[in-house]
Amino acid sequence: MAKHTMRSGSRYQYLFGPVPSRRLGRSLGVDLTPRKTCTLDCIYCQLGRTTALTTERREYVPVADVVAEFADWLQSGGTADYITLAGSGEPTLHSRFGEVIERIRERTRIPVALLTNGTLLNRPDVLEAAAKADVVKVTLSAADETLFSRIHRPCRGVTLAQTVRGQVRLRDGFDGQIWLEVFLVWGVNSTPADVRRIAALARQVRPDRVQFNTSVRPPAEAFAEPVPGGVLAELAALFDPPAEVLAEFSAERSEQVGVTEETILAMLRRRPCTAGQVARVFGLHANEASKYLGKLLRTRRIRSERRADAVYYAGAGPGTRSGR
Numbered sequence: 259m260a261k262h263t264m265r266s267g268s269r270y271q272y273l274f275g276p277v278p279s280r281r282l283g284r285s286l287g288v289d290l291t292p293r294k295t296c297t298l299d300c301i302y303c304q305l306g307r308t309t310a311l312t313t314e315r316r317e318y319v320p321v322a323d324v325v326a327e328f329a330d331w332l333q334s335g336g337t338a339d340y341i342t343l344a345g346s347g348e349p350t351l352h353s354r355f356g357e358v359i360e361r362i363r364e365r366t367r368i369p370v371a372l373l374t375n376g377t378l379l380n381r382p383d384v385l386e387a388a389a390k391a392d393v394v395k396v397t398l399s400a401a402d403e404t405l406f407s408r409i410h411r412p413c414r415g416v417t418l419a420q421t422v423r424g425q426v427r428l429r430d431g432f433d434g435q436i437w438l439e440v441f442l443v444w445g446v447n448s449t450p451a452d453v454r455r456i457a458a459l460a461r462q463v464r465p466d467r468v469q470f471n472t473s474v475r476p477p478a479e480a481f482a483e484p485v486p487g488g489v490l491a492e493l494a495a496l497f498d499p500p501a502e503v504l505a506e507f508s509a510e511r512s513e514q515v516g517v518t519e520e521t522i523l524a525m526l527r528r529r530p531c532t533a534g535q536v537a538r539v540f541g542l543h544a545n546e547a548s549k550y551l552g553k554l555l556r557t558r559r560i561r562s563e564r565r566a567d568a569v570y571y572a573g574a575g576p577g578t579r580s581g582r
């Protein structure tokens, strides 16, 4: 996993950001798994195909090192709206992610969010660990096993039924916030009938918020087309109360991030962005952002891909599609 430099001058291997987040404001990411290590191989994933499809839980990265980096970040004056367990894989695959949450909460009052696909919440140890977070974001984008398999291409043994069961159990014993993401793909799960059935399942989970998303950034599969904004708004009304439609990434400057090739690369490995978005996040002039991106392209550390009328840049390395 690539290291990157924060403004303090320290080098962090497992932290990234803070970066502006559509859900969480300014979010410091904590990356607990190798790139594209996941229980699912979603057709819409902005990071490309899953290269390590697994349900094996283990200590993929050392907890002591993660905690040391976080302590250094705090001592350097780091601030954020949320500390977010997320990144380039499924965080609940880390066998000690609950301990990471505990160690973070011992050191700061900044709330902790867990961004998970929710597929392992049926396991008691995962459920107990997830409940240590302040916010848990789960995903529910299908209402039957056939569609679940088509969209998510899960690891053997992972089913929709167990996923929903785990999410319901989380609600039953969790005092924090559950945010449920519904990721819609045009022509795959985007009919009113599809969404009504997803809404019926969502009522079992009883989330605090329901958020619609779609494949604006280049997905793992070219056929995973985004649902038009107007249609998303109409479908959101099928939930009661209506689901939130997440706006396109609103990139404003993140004061805690120093501008280097490494910090730009660290963000692009986890979140593809346009040149304009890179410029806004790092407070750069458009020409300066283009220079950074041009050098990263020439050295093949990132790749570019056109999506609709925009060009997105993403990290090119192990677990990514080949650069262009």
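In case it helps, the numbering used here puts the sequence shown at residues 259 to 582. Where is the CB? At the ideal position from N, CA and C, for every residue including glycine.
Query	Result
Is the Cβ-Cβ distance between Val396 and Thr313 less than 8 Å?	no
Do Arg280 and Glu493 come within 8 Å of each other at the CB atom, strictly closer than that value?	The residue you asked about is not Glu; residue 493 is Leu in the sequence shown. In this structure, Arg280 does not lie closer than 8 Å to Leu493 by Cβ.
What is the DSSP secondary structure of Ala524, reduced to helix, strand or coil?	helix
Compute the distance between the beta-carbons of Ala524 and Phe274, then report whether it is under 8 Å.	yes
Enumerate, from N- to C-terminal direction, the unbroken beta strand (DSSP E) stretches of 3 or more residues contained entirely within the segment 393 to 428.	393 to 397
Give the straight-line distance between the Cα atoms of Ala572 and Leu438, rounded to the nearest whole angstrom.	26 Å
Determine the closest residue to Val446 out of Ala457, Asp430, Thr472 and Ala322, with distance taken between C-alpha atoms.	Thr472
Give the DSSP-derived three-state secondary structure of Gln469 in the structure shown.	strand
So which of Pro276, Gln271 and Asp339 has the shortest CA-CA distance to Val539?	Pro276
Grab me the residues of Leu282's own chain with a C-beta within less than 7 Å of its C-beta, minus the 5 sequence neighbours each way, in chain order.	Asp339, Tyr340, Thr342 and Ala371
Run the CB neighbour count on Ser508, radius 10 Å, all protein chains shown included, and call it buried at 16 or more, exposed below.	Residue placement at Ser508 is flagged as unreliable, the pLDDT there being 43, under the threshold of 50; a coordinate-derived value is accordingly withheld.
Which residues does DSSP pair with Ser346 in a beta bridge?	According to DSSP, Ser346 bridges with nothing at all.
May I ask you to report which of helix, strand or coil DSSP gives Trp444?	coil
Please name the residue or residues paired with Thr308 in a DSSP beta bridge.	DSSP output for Thr308 lists no bridge partner at all.
Tell me where the alpha helix (DSSP H) around Ile456 begins and ends.	Pro450 to Val463
Kindly indicate which three-state DSSP category Ala371 falls into: helix, strand or coil?	strand
With the cut-off set at 8 Å, would you say Thr297 and Asn380 are in Cβ contact?	no
Kindly indicate which three-state DSSP category Gln435 falls into: helix, strand or coil?	strand
What three-state label does DSSP hand Glu226 in the structure shown?	This structure cannot speak to residue 226, because the chain is shown only from 259 to 582.
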